[in-house]
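Participant:
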Amino acid sequence: MPEKKTFYITTPIYYVNDVPHIGHAYTTIMADVIKRYKKLMGYDVYFLTGTDEHGQKIEQSATSQGLTPQALADKMVRHFKALWKTLNIDYDYFIRTTDRYHEEGVKKIFKKVIEKGDIYPGDYVGHYCVSDESFVTDSAEDSGDGNKICPDCGKVTQKVTEKCYFFRLSAYQDKLLTFYQENPDFVLPKSRMNEVVSFVKMGLKDLSVTRSTVSWGIPMPGDKEQTIYVWFDALTNYITAIHYNDEDEMFQKYWPADVHVMAKDILKFHAVYWPAFLMAADLPIPKQELIHGWWLKDDRKMSKSVGNVLDPHVLLKHFNPDAIKYFLMREAPIGADGNFSHEGFITRVNMDLANDWGNLVSRTGGMTQKYFNQRFDSEAVYSPKEQTIKDQYLELENEVTELFDQYRFNRGLEKIFNYVGQLNKYIVESEPWILAKDPAKRDVLAGVLKTLIRAILSANTLLSPVIPDTAEKIKKIFNYDASGLGWKDPGEIFHINQIEQLFPRVEPKDFFADEGADVDKKKKKEKKPEKEAEEEPLPEGMITFDDFKKVEMVVAKVLDAEKVEKADKLLKLTVDTAADTRTLVAGIALYYQPEELKGKKIIIVKNLKPVKLRGILSQGMILAASGPDDRPYIPILPEETPVGAILK
Ligand code: MSP
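Going by my numbering, the first residue of the sequence shown is number 286, and it counts up by one from there.
1. Which of helix, strand or coil does DSSP assign to Arg381?
2. Would you please verify whether the beta carbon of Gln573 is less than 8 Å from any beta carbon of chain D?
3. Tell me the DSSP secondary structure of Met564 in three-state form.
4. First and last residue of the beta strand (DSSP E) that includes Met547?
5. Checking 8 Å against the spacing of the C-beta atoms, do Val472 and Ile551 come in under that value?
6. Please report the Cβ distance between Ala874 and Lys854, rounded to the nearest whole angstrom; I am assuming they are in contact, meaning their Cβ atoms lie under 8 Å.
7. Less than 7 Å separating the Cβ of Tyr667 from some heavy atom of the ligand MSP?
8. Going by DSSP, which residues form a beta bridge with Ala846?
9. Where are the alpha helix (DSSP H) runs, 4 residues long or more, that stay fully inside the region 300–330, in chain order?
10. Along the chain, where does the beta strand (DSSP E) containing Thr866 start, and where does it finish?
11. What do you reckon, is the C-beta of Gly308 under 7 Å from a heavy atom of the ligand MSP?
12. Measure the alpha-carbon distance for Arg696 versus Pro618 and round it to whole angstroms.
13. What are the start and end residues of the beta strand (DSSP E) that includes Val410?
14. Given 7 Å as the limit, tell me if Lys655 has its C-beta closer than that to any heavy atom belonging to the ligand MSP.
15. Going along the chain, which residues of its own chain have a beta-carbon closer than 8 Å to the beta-carbon of Lys816, five neighbours each way excluded?
16. Short check: CB of Tyr558 to CB of Trp501, under 8 Å?
17. Sort Ile343, Ile314, Leu898 and Gln783 by Cα distance to Pro373 and report the nearest one.
18. Checking the sheet assignment: what are the DSSP bridge partners for Ala456?
19. Going along the chain, which residues of its own chain have a beta-carbon closer than 8 Å to the beta-carbon of Asp766, five neighbours each way excluded?
20. How would you label Glu682, buried or exposed, when you count the other beta carbons within 10 angstroms and need 16 or more for buried?
21. Is it the case that the CB of Tyr331 approaches a heavy atom of the ligand MSP more closely than 7 Å?
22. I need the DSSP call for Asn605, collapsed to helix, strand or coil.
23. Using DSSP with H/G/I as helix, E/B as strand and the rest coil, what is Asn624?
24. When we look at the beta-carbon of Met487 and count the other beta-carbons within 10 Å, is it buried (16 or more) or exposed?
25. With C-beta atoms as the reference, is Leu747 less than 8 Å away from Ile701?
26. Spatial neighbours of Ala871 within its chain, please: C-beta separation below 6 Å, excluding the five flanking residues on both sides.
27. Under three-state DSSP, which class holds Phe702?
28. Considering only the alpha carbon of each residue, which of Ser647, Gly706, Glu664 and Cys438 lies closest to Ile762?
29. Hey, would you say Ala721 sits closer than 8 Å to Tyr656, going by beta carbons?
30. Spatial neighbours of Ile921 within its chain, please: C-beta separation below 8 Å, excluding the five flanking residues on both sides.
31. Which of the three DSSP states, helix, strand or coil, is assigned to Thr649?
32. Residues in its own chain within less than 7 Å of Arg916 by CB, not counting five upstream and five downstream?
33. Under 8 Å Cβ to Cβ from Phe602, same chain only, skipping five residues before and after it: list those, please.
34. In this structure, does DSSP put Gln443 in helix, strand or coil?
35. For Leu734, count neighbouring Cβ atoms within 10 angstroms of its own Cβ and tell me buried if that reaches 16, exposed if not.
36. Note down the Cα distance separating Gln904 from Arg867, rounded to an integer number of angstroms.
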């Protein structure tokens, strides 16, 4: 068998000054999705994550909490590992920069660069941003008190005057520019590559790579007074984790890395300093760096000091990890910033995962159970429609793999969900509930349901890198065990297991009632005056917006309509609300023929208490204008109105 192609992927190693937030989770989830996708494509993948534990920032944080830096790191590592476990992150190795072998590896590469003659002693006089662990140039804005404002994070810098060692970064300016020219896809997206090139073209100054005033770091080989600069230490993790110390088979197998994933804040360190350090150590340079945007909250960059960080556990209380993964991958295109709003999150998850995907699976499984008692007992007959569903899938698979290869997950997911929409439409158009009434059409019904199961299993594999837990559940429901892409043709094994609800719908009002206090303290405060105003007595006949919101009105499609026996005025309608299929009984039979309404999109009140009319349970009410003599006029919505859309 030919050897599998290897793929080595990394996340940044995160600082241990605080617990992880949704921004850290985003990068790690993205790397996890890429790992799972590459595995699906047949690669031997190695996925590294970990923690960055040295430096002044951690030292200061530990002191302020009355802990040693090591104790703080040990505590925070538990938080990171626990979150990755909850989110089902399939990393292969978790590196900590306080691990012995890492320290040895850092010393090894540092010595190599000294031997090359690219590290020399000197004095550093300038400004340092502790938050970014970064030296700030004199051209940065003054803070007014003799310090500078860090151009990256906006915090006030510290003045530093100390003996240190410099790395001859200036000597690598031309080599770097040549490297970028020869590897124009080194940084993705292109706009970030251009930024890097402009930055290097502006001129590179030598970089201080040791500190004499920071004790929490790796001692410099040859000078005990100095510790190695935390970024030199941290970047080296990508090689020490895969045995740079011995340069054994593992190192040969996986280095250079295929992709380092990160946000734009640490681009300069990875795309300028890291390749220069590697060039100096005569080591190959990673193949690619994938730079994603920031997650913002209320239009501001999430940060602990602004107080707008989002704790993933708030979402995990109500939603499963796949919902979070799906939202993060679906919402922000690579490179662009994404604004996190809880409303946006809930709507996206309810619409795509609960309504479209979850319902497609449960309806298909449910109908197979109901009409075939878990096992198909007749031959299947297929029409050209079924062939179209298969062809559309094969085209989709080509498009999606092309997009996923370019890490354009949001576009790929959008396409998959367009296909899911087609499948839901196919159910409505095929009318299995009508076919089920006619024993002569049993083979046609079998054809429809088998096509749906095949399409679901096929799309399920495409979705599996992003929502892996759900993908496993779906395979269990349909008793299907194979993996790999392609149109799934599982022959006659359609035995349906217990159908569990994949994505329970979470109503925004329930989420906010439960989480309101911690999700958005600011909003709560702003709401107060409004509440007081509401407490004034309402003018006669008026209702508040909250009263109005209690009525849940949605767009429903009439799947079937028939007269109710011995009741001249009543029609029984079967409607699709996207969330379910339900029965309504309406007093409209004198004015509407069943045929007139079939396939039409109407408005129904969804949360009206069900009542029994002539022995039939009516689960909601049709909305109609009432003319003279109570003649009803039903508003019929345009064909393109989405089923399940809320009226508000
Ligand atoms: N320790 C360094 C990285 C060293 S890598 C050799 C560091 N750590 S960090 O904890 O600050 O993590 C920064 C990274 O976390 C970002 O590059 C990004 O991957 C992720 N994110 C942190 N906040 C984020 C957002 N608000 N949005 C998106 N990603 C975010 O820098």
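C-beta atoms are modelled at their ideal positions from N, C-alpha and C, and glycine is treated no differently.
Keep in mind that this is a model prediction, so the values were computed, not measured.
Facilitator: So, from the data block:
1. The three-state secondary structure of Arg381, taken from DSSP, is strand.
2. Here there is only one protein chain, and chain D is not present.
3. Helix at Met564.
4. Annotation: the continuous beta strand (DSSP E) that includes Met547 extends over Val544 to Ala548.
5. In this structure, Val472 sits away from Ile551, with a CB-CB distance that is not shorter than 8 Å.
6. The Cβ separation is near 5 Å, so the contact holds.
7. Tyr667: no, Cβ never under 7 Å from the ligand MSP.
8. According to DSSP, Ala846 bridges with Leu858.
9. Every unbroken stretch of the alpha helix (DSSP H) spanning 4 or more residues and falling wholly within the region 300–330 is given here in chain order: 307–325.
10. Run containing Thr866: Thr866 to Ala871, per the beta strand (DSSP E) assignment.
11. Yes, since a heavy atom of the ligand MSP falls inside the 7 Å radius drawn around the Cβ of Gly308.
12. Answer to the nearest angstrom: the Cα atoms are 8 Å apart.
13. For Val410, the enclosing beta strand (DSSP E) stretches over residues Ile404 to Cys414.
14. A distance criterion of 7 Å places the beta-carbon of Lys655 beyond contact range of the ligand MSP, judged by its closest non-hydrogen atom.
15. Summary for Lys816: the model assigns pLDDT 35, below 50, so the residue's position carries little reliability; its value from the coordinates is reported in the next sentence. Around Lys816: no qualifying Cβ.
16. For Tyr558 and Trp501, no; Cβs fall outside 8 Å.
17. The sequence shown places Asn at residue 373, rather than the Pro named in the question. Nearest in C-alpha terms to Asn373, of all of Ile343, Ile314, Leu898 and Gln783, is Ile314.
18. Listed as beta-bridge partners of Ala456 by DSSP are no residues whatsoever.
19. Within its own chain, the residues whose Cβ lies closer than 8 Å to the Cβ of Asp766, once the five positions on either side in sequence are excluded, are Lys760, listed in chain order.
20. By the Cβ neighbour-count rule, Glu682 is buried, with 16 or more other Cβ atoms within 10 Å of its own.
21. In this structure, Tyr331 has its beta carbon at no less than 7 Å from each heavy atom of the ligand MSP.
22. For Asn605, the secondary structure class from DSSP, reduced to helix, strand or coil, is coil.
23. In this structure, Asn624 counts as strand in the three-state DSSP scheme.
24. In the assembly as shown, Met487 is an exposed residue. Its beta-carbon has fewer than 16 other beta-carbons within 10 Å.
25. Taking 8 Å as the Cβ cut-off, Leu747 and Ile701 qualify as a contacting pair.
26. In the same chain as Ala871, and ignoring 5 residues on each side of it, the C-beta atoms closer than 6 Å to its own belong to Leu856 and Ile907, in chain order.
27. Per DSSP, reduced to three states, the secondary structure at Phe702 is helical.
28. Ranking Ser647, Gly706, Glu664 and Cys438 by Cα distance to Ile762 puts Ser647 first.
29. Against a cut-off of 8 Å, the Cβ pair of Tyr656 and Ala721 comes out as a contact.
30. Taken in chain order, the residues that qualify are Lys885, Lys886 and Ile887.
31. Note: Thr649 maps to helix in three-state DSSP.
32. Short of 7 Å from the beta carbon of Arg916, and not among the five residues preceding or following it, lie these beta carbons of its own chain, in chain order: Tyr876.
33. According to the sequence as given, residue 602 is Lys; it is not Phe. Asp799 and Glu800.
34. Reduced to three states, the DSSP call for Gln443 is strand.
35. Burial call: buried.
36. Between the C-alpha atoms of Gln904 and Arg867 there is a straight-line separation of about 6 Å.
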